[in-house]
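Novice: Residue numbers (my numbering), protein chains in the order written: chain L, 7 to 219; chain P, 7 to 219.
Protein chains: 2
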Amino acid sequence: MTTAPSASPRKASPRRSAGETRDALMEAAFGLVRTKGLAATSVDEICAAAGVSKGAFFHHFKSKDELAAEAAYHWSAVTEPFFAAAAYHAPADPLDRVLGYIDLRREMTEGEIAEFTCFVGTMAQEAWATSPAVQAATWDSMSRHADALVADIEAARQSRGITADWNARSLALHIVAVTQGAFILAKASGDRTLAGESLIHLRRYVTQLFRTT
Amino acid sequence: MTTAPSASPRKASPRRSAGETRDALMEAAFGLVRTKGLAATSVDEICAAAGVSKGAFFHHFKSKDELAAEAAYHWSAVTEPFFAAAAYHAPADPLDRVLGYIDLRREMTEGEIAEFTCFVGTMAQEAWATSPAVQAATWDSMSRHADALVADIEAARQSRGITADWNARSLALHIVAVTQGAFILAKASGDRTLAGESLIHLRRYVTQLFRTT
DNA sequence: ACGGGCAAACCGACTAGTTGGTATGTAGGT
DNA sequence: ACCTACATACCAACTAGTCGGTTTGCCCGT
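1. Using the beta-carbon count (16 or more within 10 Å), is Gly187 (chain L) buried or exposed?
2. Since Asp158 (chain L) is in the alpha helix (DSSP H), which residue starts that stretch and which ends it?
3. Using a cut-off of 9 Å between C-beta atoms, extract the partners of Ser176 (chain P) located in chain L.
4. Going straight from the alpha carbon of Arg96 (chain P) to that of Thr144 (chain P), what length do you get?
5. Please determine, among P:His80, P:Glu26, P:Phe64, the residue with the shortest C-alpha to C-alpha distance to Asp146 (chain P).
6. Can you give me the start and stop residues for the alpha helix (DSSP H) that Thr199 (chain P) sits inside?
7. Between the region 39 to 54 of chain P and the region 132 to 140 of chain L, can you find at least three pairs of beta-carbon atoms closer than 8 Å?
8. What is the residue span of the alpha helix (DSSP H) that Val49 (chain P) lies within?
9. Using CA atoms only, rank isn't needed, just tell me which of P:Asp158, P:Ala56, P:Ile52, P:Glu51 is closest to Arg22 (chain P).
10. Give me the chain L residues within the contact set of Leu105 (chain P), using Cβ-Cβ distance strictly less than 8 Å, ordered along the chain.
11. Which residues mark the beginning and the end of the alpha helix (DSSP H) in which Asp71 (chain P) is found?
12. Please state if the CB of Leu110 (chain L) and the CB of Phe125 (chain L) are separated by a distance shorter than 9 Å.
13. Quick one: which chain L residues come within Cβ less than 9 Å of Tyr79 (chain P)?
14. For Ala60 (chain P) and Leu179 (chain L), I'd like the C-alpha separation in whole angstroms.
15. Give me the Cα-Cα distance between Leu215 (chain P) and Pro87 (chain P), rounded to the nearest whole angstrom.
16. What residues in its chain sit with their C-beta under 7 Å from that of Arg103 (chain L), if we drop five residues either side in the sequence?
17. Taking only the alpha-carbon atoms, compute the straight-line gap between Leu73 (chain P) and Leu38 (chain P) and give it to the nearest angstrom.
18. Comparing the C-beta of Gly37 (chain P) with each C-beta of chain L, is any distance below 9 Å?
19. If I measure Cβ to Cβ from Ile108 (chain P) and keep anything under 8 Å in the same chain, skipping five residues before and after, which residues do I get?
20. How would you write the range of the alpha helix (DSSP H) that Gly127 (chain L) sits in, first residue to last?
21. DSSP three-state label for Glu113 (chain P), please.
22. So with CB distances below 7 Å, who are the chain P contacts of Val156 (chain L)?
23. What residues in the region 129 to 148 of chain P bring their beta carbon closer than 7 Å to a beta carbon of chain L?
24. Taking the C-alpha atoms as reference points, what is the distance between Phe36 (chain L) and Thr27 (chain P)?
25. Determine, using beta carbons only, whether Thr115 (chain P) and Ala201 (chain P) come nearer to each other than 9 Å.
26. Which chain L residues are close to Lys70 (chain P), counting only those with a beta carbon under 7 Å from its beta carbon?
27. Going by alpha carbons, who is nearest to Asn173 (chain L) out of L:Val156, L:Pro100, L:Val140?
28. So, using beta-carbon positions, are Ala152 (chain L) and Arg166 (chain L) closer together than 9 Å?
29. Val182 (chain L) versus chain P: which residues are under 8 Å apart at the beta carbon?
30. Between which two residues does the alpha helix (DSSP H) containing Ile181 (chain L) stretch?
31. Near Val225 (chain P), which residues of its chain fall below 7 Å by C-beta distance, leaving aside the five closest residues on each side in sequence?
32. Quick one: what does DSSP say Arg40 (chain L) is sitting in, helix, strand or coil?
33. Taking the alpha helix (DSSP H) that His65 (chain L) belongs to, which residues open and close that run?
34. For the alpha helix (DSSP H) containing Ala96 (chain P), name the first residue and the last one.
35. Using only the alpha-carbon positions, how far apart do Ser195 (chain P) and Ala142 (chain L) sit?
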């Protein structure tokens with residue numbers, strides 16, 4: 007659910023192919039919403055950032071709300087390959103893979119806030135009570151992201167013969183929650199390092215959870 | 007930084023005392039912002055919820071932005087006494103007090119989302135890059151809230167002779183982060199219990215941190 | 001190879017309503 | 001008499017969304 011490209015420079019107008027404009031609009035929204043929030047981002051701004059007209063916007067999306075929901079699904083589509091291809095999947099021990107994910111998350115907090123922060127997490131705060139479509143889309147994204155961690159957590163649990171009163175999905179969601187909370191800390195304080203420190207606590211928790219001695 | 011009253015019914019106009027209208031406006035903002043976000047909440051809505059006119063609003067605040075910042079400080083002013091008076095301070099063991107705080111937080115997630123959720127956390131997401139005054143105010147609130155936990159954490163650490171590579175303030179901020187993250191989980195999923203589950207993980211972490219055996 | 005037809009992609013002016021903010025007036029306490 | 005605490009009317013700027021019209025790529029019969 008995090009980290010994405012910014013609007014691309016685009017070529018000199020030999021009409022973009024089918025989904026290209028659509029993608030450009032959604033990806034322009036990524037950047038704007040992450041820094042200003044959804045409500046404060048106008049359709050005109052999104053169009054300007056994507057380099058298209060308002061007519062094009064409403065040709066592809068029937069409302070701003072629909073754009074937001076579609077963009078949340080698109081967010082998954084662009085972040086999932088990023089995390090799937092990341093180096094933390096390499097270790098043989100599944101626990102090392104889970105810890106590797108947390109480490110990657112922490113490394114990402116060394117960039118700019120608007121760039122390591124979560125698009126869908128931001129929208130969830132604004133849309134949960136006002137737009138069922140957007141809420142559903144943000145939850146789909148966060149939920150799927152958590153699911154990607156479940157297999158490794160479960161494997162780590164079984165390899166160590168741990169029978170705990172928590173299940174893999176619950177821990178995966180906790181990891182997502184800490185990540186989101188760390189973002190808020192960084193945004194409120196303006197200090198990126200605070201996000202990293204929270205992730206270190208999370209890492210220690212996960213390590214302790216699987217300690218067998 | 008969390009949990010607050012909603013707009014009161016108010017009496018039949020024998021002029022409210024000095025700060026009353028001001029407080030009513032800020033407290034009306036609490037409810038509206040927590041469900042819709044700051045940008046989506048209009049000045050007119052806040053006035054209507056507080057039962058005053060727009061003229062009154064701009065008599066007390068020179069802009070919507072100033073209202074938001076002042077409301078963040080007011081948020082501290084109303085939540086601090088609430089937490090200060092809570093029962094979790096009773097135990098003699100400082101660790102029990104820290105765990106008691108987390109338990110209280112978890113119990114609160116049994117109410118409505120708009121009522122256990124954090125006003126300043128929501129605003130931080132929208133204002134961190136666009137309004138320095140609001141960002142500073144949200145951080146002041148979150149930071150002070152964390153500080154309220156520091157003494158107990160430090161006492162627990164010393165009573166158990168723990169020399170760790172984390173300090174009390176870092177753990178306090180982590181507790182705040184998990185709380186905020188749990189809120190996002192609840193908002194995105196629409197399922198309050200997910201917030202509680204994340205807080206259970208946090209509780210287990212803190213327990214393990216102070217285990218001396 | 002070619003041109004006519006057609007649908008999808010796109011543009012930008014327009015609208016109706018909402019926004020934050022102001023200007024001006026007034027009621028009540030001291 | 002005077003100042004604070006409001007109320008009302010208003011405005012310019014901006015909002016999401018619409019609409020008539022234009023451009024572009026592509027299919028297809030010749």
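Ideal placement from N, C-alpha and C gives every residue a C-beta, glycine not left out.
Bear in mind the structure is a predicted one, so any value in this text is a computation, not a measurement.
Specialist: According to the data block:
1. buried
2. 138 to 165
3. Leu200, Glu203, Ser204, Ile206, His207
4. Checking the sequence, you will find Ala at residue 96 (chain P) rather than Arg. Between Ala96 (chain P) and Thr144 (chain P), the C-alpha separation is close to 29 Å.
5. P:His80
6. 198 to 215
7. yes
8. 49 to 56
9. P:Ala56
10. Here the premise fails: no neighbours, minimum Cβ distance about 15 Å.
11. 70 to 90
12. no
13. Within chain L, no residue comes near Tyr79 (chain P); the closest Cβ sits about 14 Å away, beyond 9 Å.
14. In the sequence as presented, Ala is not what sits at residue 60 (chain P); that position holds Lys. Their backbone Cα atoms lie some 43 Å apart in a straight line.
15. 28 Å
16. Tyr94, His95, Pro97, Asp158
17. 13 Å
18. no
19. Ile181, Leu205, Leu208, Arg209, Val212
20. 125 to 133
21. helix
22. The premise fails here: Val156 (chain L) is roughly 14 Å from chain P at the closest Cβ pair, so nothing lies under 7 Å.
23. Ala130, Gln131, Glu132, Trp134, Ala135, Thr136, Gln141, Thr144, Trp145, Met148
24. 39 Å
25. yes
26. Correct list: empty, because the minimum Cβ distance to chain L is about 12 Å.
27. L:Val156
28. no
29. Gly187, Leu191
30. 174 to 195
31. In this structure chain P extends from 7 to 219, so residue 225 (chain P) is not present and cannot be described.
32. helix
33. 60 to 66
34. Where Ala96 (chain P) is concerned, there is no enclosing alpha helix (DSSP H), given that its DSSP letter is neither H nor E.
35. 8 Å
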